[in-house]
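Worksheet: one structure, shown below.
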Amino acid sequence: MYRDSIWINGSTFSGKTSRLIQQLHTWAEAASIRLQSKPFSTFLVFAATGDNRLQLADRIAIETQGQYRVDSATPLGFFQDEVMLFLPLIAQTLNLTTQFPLRLRPETEQQLATQLWKPALDDGRLRQPSVSEYFVVRRTLDLLQLAAASGVPHEDIPLILKQGFGEPEDVSEQENASPEAPNLWDEMGDALVQWWNWCLERGLLTYGIITELYWRYLLPHPTYQQHLKRRYHAVLADDVDEYPAVARSLFEVLLAQNIPALFTFNPNGGVRVGLGADPSHLAGLADRCQQTETLTQPPDRSVGATWGSTLVEWLQQPMILPQLPESIQTLQTTSRAELLRQTAQIIVEAVQSGQVQPEEIAVIAPGLDAIARYTLREILSSRGIPILSLNDQHPLASSALIRALLTLLALIYPGLGRLLSRETVAEMLVLLSQMPGLQGAIDPVRAGLLTDSCFVPDPEHPHLLPATVFPRWDRLGHGATQAYGELLEWIETQKEQQRQRLIPSPVVLLDRAIQRFLYGGSHLPYDQLAALRELIETAQHYWEVDARLRQHSRSDIATSTSVEQFIRLLREGTITADPYPVRPLGKANQAVTMATIYQYRSDRRFHRWQFWLDAGSPFWLTGGAVLFGAPLFLQTWSGRPWTPADTLEADQQRLERQVLDLLYRAKERVYLCYSELATNGQEQAGSLLSLVNAALPLPVPNPSLNVF
Numbered sequence: 069m070y071r072d073s074i075w076i077n078g079s080t081f082s083g084k085t086s087r088l089i090q091q092l093h094t095w096a097e098a099a100s101i102r103l104q105s106k107p108f109s110t111f112l113v114f115a116a117t118g119d120n121r122l123q124l125a126d127r128i129a130i131e132t133q134g135q136y137r138v139d140s141a142t143p144l145g146f147f148q149d150e151v152m153l154f155l156p157l158i159a160q161t162l163n164l165t166t167q168f169p170l171r172l173r174p175e176t177e178q179q180l181a182t183q184l185w186k187p188a189l190d191d192g193r194l195r196q197p198s199v200s201e202y203f204v205v206r207r208t209l210d211l212l213q214l215a216a217a218s219g220v221p222h223e224d225i226p227l228i229l230k231q232g233f234g235e236p237e238d239v240s241e242q243e244n245a246s247p248e249a250p251n252l253w254d255e256m257g258d259a260l261v262q263w264w265n266w267c268l269e270r271g272l273l274t275y276g277i278i279t280e281l282y283w284r285y286l287l288p289h290p291t292y293q294q295h296l297k298r299r300y301h302a303v304l305a306d307d308v309d310e311y312p313a314v315a316r317s318l319f320e321v322l323l324a325q326n327i328p329a330l331f332t333f334n335p336n337g338g339v340r341v342g343l344g345a346d347p348s349h350l351a352g353l354a355d356r357c358q359q360t361e362t363l364t365q366p367p368d369r370s371v372g373a374t375w376g377s378t379l380v381e382w383l384q385q386p387m388i389l390p391q392l393p394e395s396i397q398t399l400q401t402t403s404r405a406e407l408l409r410q411t412a413q414i415i416v417e418a419v420q421s422g423q424v425q426p427e428e429i430a431v432i433a434p435g436l437d438a439i440a441r442y443t444l445r446e447i448l449s450s451r452g453i454p455i456l457s458l459n460d461q462h463p464l465a466s467s468a469l470i471r472a473l474l475t476l477l478a479l480i481y482p483g484l485g486r487l488l489s490r491e492t493v494a495e496m497l498v499l500l501s502q503m504p505g506l507q508g509a510i511d512p513v514r515a516g517l518l519t520d521s522c523f524v525p526d527p528e529h530p531h532l533l534p535a536t537v538f539p540r541w542d543r544l545g546h547g548a549t550q551a552y553g554e555l556l557e558w559i560e561t562q563k564e565q566q567r568q569r570l571i572p573s574p575v576v577l578l579d580r581a582i583q584r585f586l587y588g589g590s591h592l593p594y595d596q597l598a599a600l601r602e603l604i605e606t607a608q609h610y611w612e613v614d615a616r617l618r619q620h621s622r623s624d625i626a627t628s629t630s631v632e633q634f635i636r637l638l639r640e641g642t643i644t645a646d647p648y649p650v651r652p653l654g655k656a657n658q659a660v661t662m663a664t665i666y667q668y669r670s671d672r673r674f675h676r677w678q679f680w681l682d683a684g685s686p687f688w689l690t691g692g693a694v695l696f697g698a699p700l701f702l703q704t705w706s707g708r709p710w711t712p713a714d715t716l717e718a719d720q721q722r723l724e725r726q727v728l729d730l731l732y733r734a735k736e737r738v739y740l741c742y743s744e745l746a747t748n749g750q751e752q753a754g755s756l757l758s759l760v761n762a763a764l765p766l767p768v769p770n771p772s773l774n775v776f
């Protein structure tokens, strides 16, 4: 037991975060008195995710009126900052002579690892049946991150895989392992050791490498522990059920130094189990705390507070068919298309009749495909009801503006003609000429005429000719001709400056284009502005890494080669942009929320009404996002071979947690939306079917509202 250590256990929305803020205020007031109002060290406050951190930091600032010094962080964010700050200690331990570290973004990590492992991928040493090269690389990199999060040295990863999945030739039939190549686990381990050394030699850090450097080399260092004790007055961690196992090592070091600590834990949380979180291991902190408190929701606070535990018992015994309460009803149709239409119509009727406001409704599903998003958005929007998709990310290349800017790059840098087509050039002419930067506009018809006559495809030097080469250029009109001429003149100027090496980086060229043709993006809608911002951030990072690699290898690779790789990376859809801000603006505040189970739970949402879409889908049980090999890196793993029965048990536990958690996030009603047939025509009989059959059926909505 450690003094001044508090463990808060409670269900969703039971007041754990409020209790955390109250305790922070109490400790701060006591410290002010003890230190006679002199400045004291900072409070260290943890949250599970970046969005949660921002929300928690805002609440603390508002409720304490900004009186106290608070450092807010996520576990991974804290590890990264500490490794960057105390790199000399790590370098001394590992005998590194590296320069200032540079963190790799996931897409850059994927690309560089693929290049490094290309020989092993080509000769089959890393080959896995029915797994593409992309996912072979992704799986291998994810293993490094899982091992780091659980406190397993990267050298021990092959041993863990052999214990869990057996020798490769013995486990080819298992659901979680598809390898047949001999010594696959050893080859994956060798690839990760090679990657680890390659990155550290160049000062490149990934989240997996950062986490292992922190717990393995920095946290045990006596000098670092002394710094921790001096810097922090207390530590408060919210929702530790979402933290990696190594976070407990940090907390135990702080507790051993008699630093006051408070931890909140949700037994129905664990949203990130399978992605690095280890709630069972973090729960062990309760035994080391001096004081334990249990918070509960009031019975009238949510459906879960009243019926949650009962429904979970019925899930465990599906043969029992009870009568569910009126707060849980079902909508049943034959086809999924009809289910989507009727779900939207019920929402429309409820909003128009004044029973509920749009912002009090959530549509939740184990997975939201494009059909569901489109159908719900079209019907609700046509009735004046906005809809907000949580984390609705799209590939950057799906934005026409981004494609136009990439076309500009391919036109200006030599040797990129194979990346261009008449269609992409025509699209560029249309998009950029319609912006305020040019006088006049080029419509799609005129853009087609111009590219047919004026675009000269060439592998090395593609270019555009003046509009006058078009036999009937007078048909283009004055505005289109002038706009084309200005655009052509700008491109030729940039080409000349590029030949004279007056453009320091492609990032500079992209910025010039945005300023010239898009007025810096100031007049654009939010989704397009977000895409432009993500493009510039991605480009800056890409060429920072490119410059680091050139410096290390002293390579004289042409800039055009890097530009080509960058364009291909974006066109493959690897990089995405989130068109919505963390805090919805304008009408988004009054919108119906649409999200997957994972998105909804991790964003800590709460609504009066919930619609559980595709309630008959098997993905309610099996659709959780679990990284390859993740169960083997939990501290509770027995060390025995992982079997399909173990997978089924883990899936069932996750289903029970997410059902209970969702019920605690529903204030009044839950609608189980079920269709007999899935989109592919197969009959649906998922794990929630017993609840669907036991719920009160909804009346068929008014067919006059059907917009199709």
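Per this note's numbering, the very first residue in the sequence shown carries number 69; after that it's consecutive. For each residue, glycine too, the CB sits at the ideal point set by N, CA and C.
Taking residue i and residue j to be in contact with their CB atoms under 8 Å, please state how far apart those CB atoms are, rounded to whole angstroms.
i      : j      : result
Ile228 : Leu700 : 5 Å
Gly232 : Pro709 : 6 Å
Arg725 : His675 : Not confirmed; about 19 Å, so no contact.
Gly485 : Asp526 : 5 Å
Leu464 : Leu638 : 5 Å
Ile158 : Tyr285 : 5 Å
Gln667 : Val738 : Not quite, the Cβ-Cβ distance comes to about 18 Å (not below 8 Å), so this is no contact.
Leu383 : Leu473 : Going by Cβ atoms, the distance from Leu383 to Leu473 rounds to 50 Å, so no, they are not a contact pair.
Ala188 : Ala259 : 6 Å
Pro312 : Gly337 : Wrong, their Cβ atoms sit about 14 Å apart, outside the cutoff.
Apply the 10 Å Cβ neighbour rule to residue i and answer buried if 16 or more other Cβ atoms are within range, or exposed otherwise.
i      : result
Met256 : buried
Pro539 : exposed
Tyr282 : buried
Trp95  : buried
Val239 : Bear in mind that the predicted position of Val239 carries a pLDDT of just 41, short of 50, making it unreliable; the figure below should be weighed with that in mind. Val239 comes out buried.
Phe203 : exposed
Phe319 : buried
Pro649 : Residue confidence is low: Pro649 scores 47 on pLDDT, short of 50, so the model does not pin down where it sits. No coordinate-derived value is stated.
Gln324 : The sequence shown places Ala at residue 324, not Gln. Classification of Ala324: exposed, given that the 10 Å Cβ count is below 16.
Gly588 : exposed
Phe696 : buried
Leu702 : buried
When you compare each of the options to residue i by their alpha carbons, which one comes out closest?
i      : options                           : result
Leu757 : Trp688, Arg195, Ala125 and Leu716 : Trp688
Leu322 : Ala305, Glu310, Thr332 and Gly684 : Ala305
Leu330 : Val575, Ile74, Thr715 and Gln391  : Ile74
Phe359 : Ala159, Pro328 and Ser755         : The sequence given here places Gln at residue 359; Phe does not occur at that position. The shortest Cα separation from Gln359 among Ala159, Pro328 and Ser755 belongs to Pro328.
Arg441 : Thr715, Thr117 and Met662         : Met662
Val113 : Val308, Gly697, Gly641 and Ala598 : Val308
Tyr481 : Ser457, Ala551 and His531         : His531
Arg543 : Glu554, His529 and Leu517         : Leu517
Gln178 : Leu577, Asp258 and Leu273         : Leu273
Asp72  : Asp190, Leu194, Arg195 and Ala302 : Ala302
Ala778 : Leu469, His462 and Gln425         : Nothing about residue 778 can be reported from this structure: the residues present for the chain run from 69 to 776 only.
Ser467 : Pro197, Ile643, Asp579 and His546 : Ile643
Asp368 : Leu731, Asp355, Ile453 and Leu92  : Leu731
Leu184 : Gln262, Pro512 and Val424         : Gln262
Ala509 : Gly547, Gly691 and Pro290         : Gly547
Arg356 : Thr374, Arg316 and Pro335         : Arg316
State yes or no: is the C-beta of residue i within less than 8 Å of the C-beta of residue j?
i      : j      : result
Val371 : Ser348 : no
Ile432 : Val660 : no
Val493 : Leu448 : no
Thr780 : Ser670 : Lying outside 69 to 776, the shown extent of the chain, residue 780 is not represented and no answer is given.
Leu764 : Thr398 : yes
Pro226 : Asp254 : yes
Leu182 : Val205 : Sequence check: residue 182 is Thr here, not Leu. Cβ atoms of Thr182 and Val205: closer than 8 Å.
Arg299 : Thr110 : yes
Gly342 : Ala599 : no
Thr664 : Pro434 : yes
Leu759 : Leu407 : no
Thr362 : Gly78  : yes
Give a yes or no on whether 8 Å exceeds the smallest Cβ distance from residue i to chain D.
i      : result
Thr364 : Of the chains in the structure shown, none is chain D; there is only one protein chain.
So within the segment 74-130, which uninterrupted alpha helix (DSSP H) runs reach at least 4 residues, ignoring any that extend past its ends?
The DSSP assignment places complete alpha helix (DSSP H) segments of no fewer than 4 residues inside the segment 74-130 at 84-102, in order along the chain.
At what residue ranges does the segment 172-196 contain a whole run of the alpha helix (DSSP H), taking only runs of 4 or more?
174-184 and 186-190
Ordered list of alpha helix (DSSP H) runs contained in the segment 250-313, each at least 4 residues
252-270, 275-281 and 290-299
Which full runs of the alpha helix (DSSP H) of 4+ residues lie inside the segment 360-401, going along the chain?
The alpha helix (DSSP H) runs lying completely inside the segment 360-401 and spanning 4 residues or more are 371-384, given in chain order.
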